[in-house]
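> Chains as they are written, first to last, in this note's numbering: chain A, 29 to 315; chain B, 17 to 186.
Handing you this structure, nothing more for now.
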Amino acid sequence: DPEPWIENEHLRVLFDPVTGHLREIQNLAKGFSLPVFQSFYWYNASAGDGQSPQASGAYIFRPNGSVPIPVAKRAATRLLKTPLVQELHQNFSAWCSQVLRLRPGQPYLELEWTVGPIPVSDGLGKEIISRFETPLRTAGRFYTDSNGRQVLERRRDYRPTWNLSQSEPVAGNYYPVNTRIFIKDQKVQLTVLTDRSQGGSSILDGSLELMVHRRLLNDDNRGLGEPLDEPGDDGRGLVVRGRHLVLLDTAVAAADLHRPRAQEMVTPPYVVLAPGPGPHLRQGSPG
Amino acid sequence: PGDSSVLREAVAVAQHHDAVAGTERQHVANDYARQLAKGWDSCQVLVANALSLLGDTKGPFEFCNALNISVCPLSETTPHFTVILYNPLARGVAWPVRLPVRGSSYAVTDPQGQPVVPVSCVTQRLRGGAGGAPGELLFQAWAPPLGFSTFEVKQLSPAAPGDPPRWPSG
């Protein structure tokens, strides 16, 4: 497809026809768009170096460089459009894929990512991130929640309560994300909701990233005595699947959108099945 | 008898900083998961009992815990089943339901007995899911605040020819 896209009544999402990456999100209701690139990268987990013997491990996130490596430069893609869902399937590698979905009536883009088993036969521990890049002028600022409630402003290489001399340009800027992370300028806000707690940051202006999976080969010398190397049932390493909801709105209206969505993310409706006509429970009503 | 104290106990144990942060040894992490899974199972019996009371029925209920990888034995093998959507939020929600199925077309009726349209059947080949079914049934459901909705699903035609059954891998 020369110009792959998916849309619903709220959003139109464009993809790069060559690399298959997310390229732009258009907010149809409010008539504005934002170029948004998203892909998966991995930080090479430190095993200790000349500066410090500290390795990345269960307690410690310490990449051995500030520039993460792309999982792949492009993705093989498939497009699926039905009346109830439009989705683009991206296959970055045997251990990294994603489905980007729009459904009628949903004012957000759903990214269902599947990562693992993380290959470590090269002897390198890996910390996998999903990174979003935009032209937003964020001046080093980004926002993360605390336990799903108060959102705090974060500022790169800075702490509000003491003079920080930054020794870890990446790890020193990672914060806990329990439900949401966002970046914004005066007009536009890009919010990403998570379906579980993850590490998050904004290492470059206009970008935000979330750590979705890790597989490490060294103990971090905090008393555990084993690396964070979850073999999973088949011993090949855990496969993890999760969801990120991407919301693009004006900065003033963004909270109206992400607050109810985050509630649904944390306490979604629950499906139970029964054979045949099943029970006649207290009936629901549309809407 | 269903019992929510098993899960309450498991969640209480998992308040330990190791469980919260993932800094425990592997065998301890496995044990936290085991306790939580046992608690989950015991709560599902409790929910099934509640549904039986609410519906004056003894019908068996099935909780498909692996819908995220398109595995649900009941919807994959039964041509006639009911989907019960429980909404824990204090406001009504519309919710997309997506179930692995073997048939190629289905009729869905809502709590008022009206047909739900549209209903989509998509091939699962795109998803490469772990499930055994060749396709997925999609429809838009909804549920009232803190309440249930039941949607009846009937298969209209068998699997599309040439769709070999794919057994769950692994």
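Note that the Cβ used here is the ideal one computed from N, Cα and C, for glycine as well.
Computed from a prediction, not measured in an experiment: that's the story for all the values here.
Kindly indicate the opening and closing residues of the beta strand (DSSP E) around T93 of chain B.
On the second sequence, residue 93 of chain B is found 77 positions in, with the first residue counted as 1. For T93 of chain B, there is no enclosing beta strand (DSSP E); the residue is found in the alpha helix (DSSP H) stretching over 89 to 93.
> Answer yes or no: does any C-beta atom of chain B fall closer than 8 Å to that of G133 of chain A?
Within the first sequence, residue 133 of chain A is the residue found at index 105, counting from 1. Yes, contact with chain B.
> Give the secondary structure of S185 of chain B by DSSP, where H, G and I count as helix, E and B as strand, and everything else as coil.
By one-based count along the second sequence, residue 185 of chain B stands at place 169. Low confidence applies here, because S185 of chain B scores a pLDDT of 33, under 50, leaving its location unreliable and the question unanswered by this model.
> I need the DSSP call for D284 of chain A, collapsed to helix, strand or coil.
Along the first sequence, read from residue 1 onward, the residue named residue 284 of chain A stands at position 256. When DSSP states are grouped into helix, strand and coil, D284 of chain A belongs to the helix group.
> Report the residues of the region 209 to 240 of chain A with a CB closer than 8 Å to any CB of chain B, ordered along the chain.
none
> Return the residue from the list B:L83, B:Y102, B:R107, B:Q128 that minimises the CA-CA distance to R114 of chain B.
Locating residue 114 of chain B in the second sequence gives position 98, where the first residue counts as 1. Checked all of B:L83, B:Y102, B:R107, B:Q128; the closest Cα to R114 of chain B is B:L83.
> Which residues of chain A have a Cβ atom closer than 9 Å to the Cβ of E78 of chain B, listed in chain order?
The residue labelled residue 78 of chain B in the question sits at position 62 within the second sequence. V300, L301, A302, P303, listed in chain order.
> Are the C-beta atoms of L192 of chain B and some chain A residue less than 8 Å apart?
In this structure chain B extends from 17 to 186, so residue 192 of chain B is not present and cannot be described.
> Just checking: is the beta-carbon of E92 of chain B within a distance shorter than 8 Å of some beta-carbon in chain A?
Position 76 of the second sequence, counting from 1, holds the residue named residue 92 of chain B. For E92 of chain B, the answer is no, since every Cβ of chain A falls outside 8 Å of its Cβ.
> Taking a contact to mean a Cβ-Cβ separation below 8 Å, would you say G251 of chain A touches E258 of chain A in this structure?
As a position in the first sequence, residue 251 of chain A is number 223, starting the count at 1. As a position in the first sequence, residue 258 of chain A is number 230, starting the count at 1. Against a cut-off of 8 Å, the Cβ pair of E258 of chain A and G251 of chain A comes out as no contact.
> For N103 of chain B, which residues of its own chain have a beta-carbon under 7 Å away from its beta-carbon, when the five flanking residues on both sides are left out?
Position 87 of the second sequence holds residue 103 of chain B. Once the five neighbours on either side are set aside, the close Cβ partners of N103 of chain B are V109, A159, P160, P161, L162, G163.
> Look at the alpha carbon of G304 of chain A and the alpha carbon of T219 of chain A, and state the distance between them as a whole number of angstroms.
Along the first sequence, one-based indexing puts residue 304 of chain A at 276. Along the first sequence, one-based indexing puts residue 219 of chain A at 191. Going from the Cα of G304 of chain A to the Cα of T219 of chain A covers about 42 Å.
> Output the boundary residues of the beta strand (DSSP E) element that contains N252 of chain B.
The structure shown does not extend to residue 252 of chain B, since chain B is modelled only from 17 through 186, so no value can be given for it.
> Specify whether the region 234 to 249 of chain A and the region 160 to 169 of chain A touch according to this definition: at least 3 beta carbon pairs, one from each stretch, less than 8 Å apart.
yes
> Within the same chain, show all residues whose beta-carbon is closer than 6 Å to that of E140 of chain A, passing over the 5 residues directly before and after it, in chain order.
Within the first sequence, the letter at position 112 stands for residue 140 of chain A. Around E140 of chain A: V127, R271.
> Which two residues bound the contiguous alpha helix (DSSP H) that contains V36 of chain B?
Here the question's residue 36 of chain B lines up with position 20 in the second sequence. Where V36 of chain B is concerned, the enclosing alpha helix (DSSP H) stretches over 33 to 37.
> Please report whether the beta-carbon of P112 of chain B lies at a distance below 8 Å from any beta-carbon of chain A.
Your numbering for residue 112 of chain B matches position 96 in the second sequence. So yes, P112 of chain B belongs to the interface.
> With 8 Å as the threshold, decide whether the Cβ of P91 of chain A is near any Cβ in chain B.
What you label residue 91 of chain A is simply residue 63 of the first sequence in a count that begins at 1. P91 of chain A does not count as touching chain B.
> Roughly how many angstroms separate the alpha carbons of G200 of chain A and C80 of chain B, rounded to a whole number?
Working through the first sequence from its first residue, we reach residue 200 of chain A at position 172. Working through the second sequence from its first residue, we reach residue 80 of chain B at position 64. For G200 of chain A and C80 of chain B, the distance between alpha carbons rounds to 41 Å.
> Cβ closer than 8 Å: which chain A residues qualify as neighbours of R41 of chain B?
On the second sequence, residue 41 of chain B is found 25 positions in, with the first residue counted as 1. Chain A residues near R41 of chain B: L252, G253, E254.
> Given a threshold of 16 other Cβ atoms within 10 Å of its Cβ, counted over all protein chains shown, does V299 of chain A qualify as buried or as exposed?
Locating residue 299 of chain A in the first sequence gives position 271, counting from the first residue. The residue in question, V299 of chain A, is buried, as its Cβ has 16 or more Cβ neighbours within 10 Å.
> What do you reckon, are the CB atoms on L273 of chain A and Y136 of chain A nearer than 8 Å?
Taking the first sequence and counting its residues from 1, one reaches residue 273 of chain A at position 245. Taking the first sequence and counting its residues from 1, one reaches residue 136 of chain A at position 108. Yes.
> Please name the residue or residues paired with G119 of chain B in a DSSP beta bridge.
The sequence position of residue 119 of chain B within the second sequence is 103, counting from 1. According to DSSP, which records beta bridges pairwise, G119 of chain B is partnered with nothing at all.
> Exposed or buried, T295 of chain A, counting other C-beta atoms within 10 Å across all chains shown (16 or more means buried)?
As a first step, residue 295 of chain A must be located in the first sequence, where it is residue number 267. Exposed: under 16 other Cβ atoms inside 10 Å.
> Looking at the strands, I want to know which residues DSSP matches up with Y202 of chain A.
Residue 202 of chain A sits at position 174 when you count from the first residue of the first sequence. In DSSP, Y202 of chain A forms no bridge with anything.
> Please compile the residues from chain A whose C-beta is within a distance smaller than 8 Å of the C-beta of Q31 of chain B.
Residue numbering aside, residue 31 of chain B sits at position 15 when the second sequence is read from its first letter. Within chain A, no residue comes near Q31 of chain B; the closest Cβ sits about 14 Å away, beyond 8 Å.
> Could you check what DSSP says for A100 of chain A in three-state terms: helix, strand or coil?
Reading the first sequence from its first residue, position 72 is the one you call residue 100 of chain A. The answer is coil: DSSP assigns A100 of chain A none of H, G, I, E or B.
> Using a Cβ-Cβ distance cut-off of 8 Å, determine whether E37 of chain A contacts chain B.
Position 9 of the first sequence, counted from the first residue, corresponds to residue 37 of chain A. By this cut-off, E37 of chain A is not an interface position.
> Roughly how many whole angstroms lie between the Cα atoms of E138 of chain A and G48 of chain A?
Numbered from its first residue, the first sequence carries residue 138 of chain A at position 110. Numbered from its first residue, the first sequence carries residue 48 of chain A at position 20. Cα to Cα, the separation comes out at about 16 Å.
> Excluding sequence positions up to five away, which residues of its chain have a Cβ less than 6 Å from the Cβ of P314 of chain A?
Locating residue 314 of chain A in the first sequence gives position 286, where the first residue counts as 1. With a pLDDT of only 43 at P314 of chain A, under the threshold of 50, the placement of this residue in the model should not be trusted; the figure read from the coordinates follows. Around P314 of chain A: no qualifying Cβ.
> How big is the Cα-Cα spacing for V27 of chain B and L52 of chain B?
Counting from one through the second sequence, the residue named residue 27 of chain B turns up at place 11. Counting from one through the second sequence, the residue named residue 52 of chain B turns up at place 36. So the two alpha carbons sit approximately 7 Å from each other.
> Are R184 of chain A and G168 of chain A close, meaning C-beta to C-beta below 8 Å?
What you label residue 184 of chain A is simply residue 156 of the first sequence in a count that begins at 1. What you label residue 168 of chain A is simply residue 140 of the first sequence in a count that begins at 1. Yes, these two residues count as a Cβ contact at 8 Å.
> Quick one: any contact between the region 33 to 40 of chain A and the region 117 to 133 of chain A, if contact means 3 or more CB pairs under 8 Å?
Judged by pairs of C-beta atoms under 8 Å, the region 33 to 40 of chain A touches the region 117 to 133 of chain A, as three or more such pairs exist.
> CB Y171 of chain A to CB E155 of chain A, shorter than 8 Å?
By one-based count along the first sequence, residue 171 of chain A stands at place 143. By one-based count along the first sequence, residue 155 of chain A stands at place 127. No, these two residues do not count as a Cβ contact at 8 Å.
> Determine, using beta carbons only, whether Q126 of chain A comes closer than 8 Å to chain B.
For the purposes of this step, residue 126 of chain A is taken as the residue at position 98 of the first sequence. For Q126 of chain A, the answer is no, since every Cβ of chain B falls outside 8 Å of its Cβ.
> Rounded to the nearest angstrom, what separates P180 of chain B and E92 of chain B at their Cα positions?
To locate residue 180 of chain B, count along the second sequence from 1; it is residue 164. To locate residue 92 of chain B, count along the second sequence from 1; it is residue 76. Annotation note: pLDDT 45 at P180 of chain B (below 50); position unreliable, coordinate value reported separately. Rounded to whole angstroms, P180 of chain B to E92 of chain B spans 13 Å at the Cα level.
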